[in-house]
Amino acid sequence: MKTKKDKKLKYKLMIAFGGFFAAVALFCSFYNLIPKSLTSGIIGFATCLFVIGIIRLYIRKEPLIDEMVKTANQKAISISWVQTLLLIAILFWINLIFKMALTVGDVLYVLLFFMLLTNMFFRHYYLRTGIKE
Amino acid sequence: MKTRIKELRARFNLTQDDLANKVRVRRETILFIEKGKYNPSLKLAKKIANIFNEKIDDVFRFEKKELED
Chain V
171 MKTKKDKKLK YKLMIAFGGF FAAVALFCSF YNLIPKSLTS GIIGFATCLF
221 VIGIIRLYIR KEPLIDEMVK TANQKAISIS WVQTLLLIAI LFWINLIFKM
271 ALTVGDVLYV LLFFMLLTNM FFRHYYLRTG IKE
Chain X
89 MKTRIKELRA RFNLTQDDLA NKVRVRRETI LFIEKGKYNP SLKLAKKIAN
139 IFNEKIDDVF RFEKKELED
């Protein structure tokens, strides 16, 4: 079990790594060592780490995520995965039978949105109706 | 599963919010446990029983059929 000290250290490390990554990315970008698209990605990631660390450490402490929310999340993710597998099978057969020229990008976009939507839907459903086992 | 949480809350003069804060869960979780729509983990059940100075068995009651399944 994590103690408060461990958690504080974790958030301090997040802030430190966030600052470090952002500084390295800016330095590399300044001297054209890495492509600009990569720089923006790294800076975005570093900013997320930094901001989350600051918020958790100084502003809003620990979020209250209780076991029912965790269970709902787990159930929603597992159902979402199963449905996505079914969708992949359906897309495969549609592609095979109707000779549609689905690109990898198309399939990835469809799967991404489908997973997000089903996950959000089932999470909301379980949190509204309860989890009867 | 039937629970005596509502009855015990009334005896101890606790609201759902108070109990939720004591065991560090959302108020909705207590509501669902009371309604029998969510089965708490053993850890949460123990925490709730401890608040009322009762045994888990005395707070959460299973019917014979449920145990046989």
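Going down the list, the sequences are from chains V and X.
Residues in the first sequence are numbered consecutively from 171, following the numbering used here.
Residues in the second sequence are numbered consecutively from 89, following the numbering used here.
Just so you know, even glycine gets a beta-carbon here, dropped at the ideal spot from N, CA and C.
Beta-carbon proximity check, residue i vs residue j, cutoff 7 angstroms
{"i": "T241(V)", "j": "I301(V)", "result": "yes"}
{"i": "V113(X)", "j": "I136(X)", "result": "no"}
{"i": "E122(X)", "j": "K90(X)", "result": "no"}
{"i": "L287(V)", "j": "T254(V)", "result": "no"}
{"i": "A246(V)", "j": "N289(V)", "result": "yes"}
{"i": "I235(V)", "j": "F292(V)", "result": "no"}
{"i": "K134(X)", "j": "I144(X)", "result": "yes"}
Closer than 7 angstroms to chain X by CB, residue i
{"i": "D276(V)", "result": "no"}
{"i": "K302(V)", "result": "yes"}
{"i": "M238(V)", "result": "yes"}
Spatial neighbours of residue i in its chain, beta-carbon cut-off 8 angstroms, leaving aside the 5 residues before and after
{"i": "M238(V)", "result": "L297, I301"}
{"i": "L107(X)", "result": "I93, R97, I118, I136, I139"}
{"i": "G124(X)", "result": "M89, K90, T91"}
Nearest candidate by alpha-carbon position, reference residue i, set the options
{"i": "L196(V)", "options": "F215(V), K175(V), R293(V), I260(V)", "result": "F215(V)"}
{"i": "K178(V)", "options": "D276(V), I222(V), L278(V), L257(V)", "result": "I222(V)"}
{"i": "G229(V)", "options": "Y181(V), H294(V), Y279(V), D176(V)", "result": "At residue 229(V) the sequence reads Ile, which differs from the Gly that was named. Ranking Y181(V), H294(V), Y279(V), D176(V) by Cα distance to I229(V) puts Y181(V) first."}
{"i": "G188(V)", "options": "Q244(V), K269(V), E303(V), F220(V)", "result": "F220(V)"}
{"i": "L257(V)", "options": "F284(V), A186(V), I267(V)", "result": "F284(V)"}
{"i": "K175(V)", "options": "L227(V), C198(V), T217(V), Y279(V)", "result": "L227(V)"}
Amino acids of chain V, ordered along the chain, whose beta-carbon sits closer than 8 angstroms to that of residue i
{"i": "L107(X)", "result": "Chain V residues near L107(X): none, gap ~12 angstroms exceeds 8 angstroms."}
{"i": "F140(X)", "result": "The contacting residues do not exist; F140(X) stays about 19 angstroms from chain V at best."}
7 angstroms CB neighbourhood of residue i in its chain, flanking five on each side removed
{"i": "I212(V)", "result": "F191, A195"}
{"i": "V277(V)", "result": "L261"}
{"i": "M184(V)", "result": "L219, I222, G223"}
Within-7 angstroms CB hit, residue i to chain V
{"i": "L102(X)", "result": "no"}
{"i": "K125(X)", "result": "yes"}
{"i": "T117(X)", "result": "yes"}
{"i": "R114(X)", "result": "yes"}
Amino acids of chain V, ordered along the chain, whose beta-carbon sits closer than 7 angstroms to that of residue i
{"i": "L132(X)", "result": "E237"}
{"i": "F150(X)", "result": "Going along chain V, no residue has its Cβ under 7 angstroms from F150(X), so there is no contact; the nearest lies around 13 angstroms."}
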